[in-house]
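Under this note's numbering, the residues of the sequence shown are numbered 1 to 390, in order.
Glycine residues also receive a C-beta, built at the ideal position from the N, C-alpha and C atoms.
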Amino acid sequence: MKLADRVAQLKPSATLSVSAKAQELRAAGREIFSLSVGETDFPTPAYICKAAQDAIDAGFTRYTPVPGIPELRLAAAGYFNRHYGIAAEADHIIISNGGKHCLYNVCQALLNPGDHVLIPAPYWVSYPPMVELAAAKPVIISTAPERNFKVSPTDLEKSLTPKTRLLLLNSPSNPTGSCYGKEELDAIAEWAVARGVTVIADEIYDQLVYGDTPALSLCAWWQKHPENFVIVNGVAKTFAMTGWRVGYTLGHPDLIRAMSRLQGQSTSNICSVSQKAAVAALNGHMDTVEEMRVAFERRSALAMEIVSAWPDVLCPRPRGAFYIFPDVHRHYGARFSDSTSLCTLLLSEVGVALVPGAAFGDDRCIRISYAVSDDALIKALHLVEKVLLG
Ligand code: GLU
Numbered sequence: 001m002k003l004a005d006r007v008a009q010l011k012p013s014a015t016l017s018v019s020a021k022a023q024e025l026r027a028a029g030r031e032i033f034s035l036s037v038g039e040t041d042f043p044t045p046a047y048i049c050k051a052a053q054d055a056i057d058a059g060f061t062r063y064t065p066v067p068g069i070p071e072l073r074l075a076a077a078g079y080f081n082r083h084y085g086i087a088a089e090a091d092h093i094i095i096s097n098g099g100k101h102c103l104y105n106v107c108q109a110l111l112n113p114g115d116h117v118l119i120p121a122p123y124w125v126s127y128p129p130m131v132e133l134a135a136a137k138p139v140i141i142s143t144a145p146e147r148n149f150k151v152s153p154t155d156l157e158k159s160l161t162p163k164t165r166l167l168l169l170n171s172p173s174n175p176t177g178s179c180y181g182k183e184e185l186d187a188i189a190e191w192a193v194a195r196g197v198t199v200i201a202d203e204i205y206d207q208l209v210y211g212d213t214p215a216l217s218l219c220a221w222w223q224k225h226p227e228n229f230v231i232v233n234g235v236a237k238t239f240a241m242t243g244w245r246v247g248y249t250l251g252h253p254d255l256i257r258a259m260s261r262l263q264g265q266s267t268s269n270i271c272s273v274s275q276k277a278a279v280a281a282l283n284g285h286m287d288t289v290e291e292m293r294v295a296f297e298r299r300s301a302l303a304m305e306i307v308s309a310w311p312d313v314l315c316p317r318p319r320g321a322f323y324i325f326p327d328v329h330r331h332y333g334a335r336f337s338d339s340t341s342l343c344t345l346l347l348s349e350v351g352v353a354l355v356p357g358a359a360f361g362d363d364r365c366i367r368i369s370y371a372v373s374d375d376a377l378i379k380a381l382h383l384v385e386k387v388l389l390g
């Protein structure tokens with residue numbers, strides 16, 4: 001069938017396809033360790049599920065306002081206000097179908113054909129396709145593991161052109177686990193304001209930070225310069241709610257209204273029941289979040305203990321999110337020559353599913369998600385070691 005050019009070249013999401021392949025093999029009876037998709041192994045906390053059940057029992061199953069029910073928009077604004085001391089209001093917020101949908105709609109609402117979008121690599125797999133689907137151009141900025149995969153204003157300045165419209169910044173980072181410090185974030189924010197660039201801050205992992213790394217947000221910069229900052233977050237990672245599909249965007253009211261028109265002509269509101277669950281999550285306590293955060297921190301230490309003993313492998317210690325991104329390219333050779341062939345071999349030979357670094361714009365690396373049980377993590381990493389070190 002003849003397809004539109006914009007989808008004919010569109011690649012499937014690598015994170016989702018590796019995870020689907022792992023599930024398929026599991027269903028066929030193979031023992032598979034899936035350290036692929038970024039999804040926590042914890043159940044959604046009971047008080048959140050209860051709010052959804054109550055919503056169904058109360059017949060809350062109809063269309064809602066397109067940008068979200070007022071109490072959820074207020075709860076999301078309250079999240080920023082409580083955690084980061086700003087004064088956001090409900091009409092600065094729109095609710096979309098997960099953080100991914102927020103990012104997609106922000107690109108659709110802000111980009112014109114030919115605009116440039118700065119994307120530091122390694123990047124999350126869906127950033128470049130989202131930019132291309134808005135007929136804009138991803139401008140990839142490479143970073144190094146020796147510098148914790150971070151960019152500075154100097155790096156950004158080198159890629160600046162008169163067409164630069166947006167910078168996509170993700171901290172804590174998927175796939176590297178690196179986090180920008182306050183001073184680093186401020187320097188980038190100052191640069192963006194001075195250059196008239198709008199920063200889309202993907203802060204979906206903001207609460208999952210380790211050691212002395214603080215939870216940080218660019219929302220205070222948004223408060224001062226609402227045209228230069230857009231903040232995207234969601235309940236998926238913080239509250240173990242990946243399947244509920246609730247993301248929220250904090251932005252200039254013009255942008256929120258534009259995204260609302262876009263949703264009104266495409267998806268309408270997100271699931272009504274999920275919205276009630278998200279209200280309970282955002283207005284509730286953070287005790288279960290803290291329990292999960294502590295477990296992820298323990299697992300990151302477990303993973304680093306094993307991976308840092310691998311010779312000729314460079315792996316910065318993760319400061320947040322639930323991934324490590326070791327640079328394993330010094331082991332490439334006859335058996336596997338790049339990250340994709342290594343991941344294919346790992347799945348077929350030892351049943352470990354990982355996502356190749358190539359999908360994140362860095363073929364030297366592989367992404368390991370440690371959002372699995374301690375036991376599965378240890379077993380899987382020893383299997384990776386067997387294949388990698390031959
Ligand atoms: N963000 C997660 C990941 O990177 C979920 C999968 C996806 O939507 O890409 O694995």
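Taking the beta strand (DSSP E) that residue i belongs to, which residues open and close that run?
i	result
Y47	Run containing Y47: none in the beta strand (DSSP E); it sits in the alpha helix (DSSP H), A46 to D57.
R367	I366 to S369
V117	H116 to A121
What number of angstroms, rounded off, separates the C-alpha of residue i from the C-alpha of residue j?
i	j	result
T40	A240	6 Å
T161	G264	34 Å
S152	I95	31 Å
A15	G59	Looking at the sequence itself, residue 15 is Thr, so the reference to Ala does not match. Roughly 36 Å separates the two Cα atoms.
R367	T238	20 Å
F42	D212	24 Å
G284	Q275	14 Å
V230	N170	12 Å
L342	Y63	47 Å
G181	F325	19 Å
D5	E132	11 Å
V37	R335	25 Å
V139	A215	28 Å
P311	V294	29 Å
N233	I32	31 Å
V209	S308	20 Å
T288	G333	45 Å
K50	R147	44 Å
D202	R330	31 Å
A55	A236	19 Å
R82	T61	30 Å
G29	V106	41 Å
D375	H252	45 Å
L250	I256	8 Å
C365	G357	5 Å
E89	K100	22 Å
G98	I204	10 Å
L166	D254	17 Å
L389	T154	37 Å
T44	A277	10 Å
L156	G177	20 Å
C315	D327	6 Å
D362	P122	6 Å
K2	A8	9 Å
Hey, could you find the ends of the alpha helix (DSSP H) residue i is sitting in?
i	result
I306	D287 to V307
P129	Y127 to L133
P43	It is not in any alpha helix (DSSP H) - P43 carries neither H nor E in the DSSP assignment.
V279	S272 to N283
S339	S339 to L345
T267	Neither: T267 is in no alpha helix (DSSP H) and is coded neither H nor E.
R73	P70 to Y84
E24	A14 to A27
W222	C219 to K224
DSSP puts residue i in a beta bridge; with which residues?
i	result
R330	The partner list for R330 (beta bridge, DSSP) is empty, contrary to what the question assumes.
G5	For clarity, residue 5 is Asp in the given sequence; the question names Gly instead. DSSP, once it has assigned bridges, lists no residue as partnering D5.
A201	L169 and I231
I378	Its beta-bridge partners do not exist; DSSP assigns none.
G320	V209
S34	A353
S96	G247
L314	D327
For chain D, find out if any of its Cβ atoms is closer than 8 Å to the Cβ of residue i; answer yes or no.
i	result
E305	Absent from the structure is chain D; it holds one protein chain and no more.
*Where in the segment 233-264 do unbroken runs of the alpha helix (DSSP H), each at least 4 residues long, occur, reported from the N-terminal end onward?*
253-264
*Can you list the beta strand (DSSP E) stretches of 3 or more residues lying completely in the segment 128-188, in chain order?*
137-142 and 164-170
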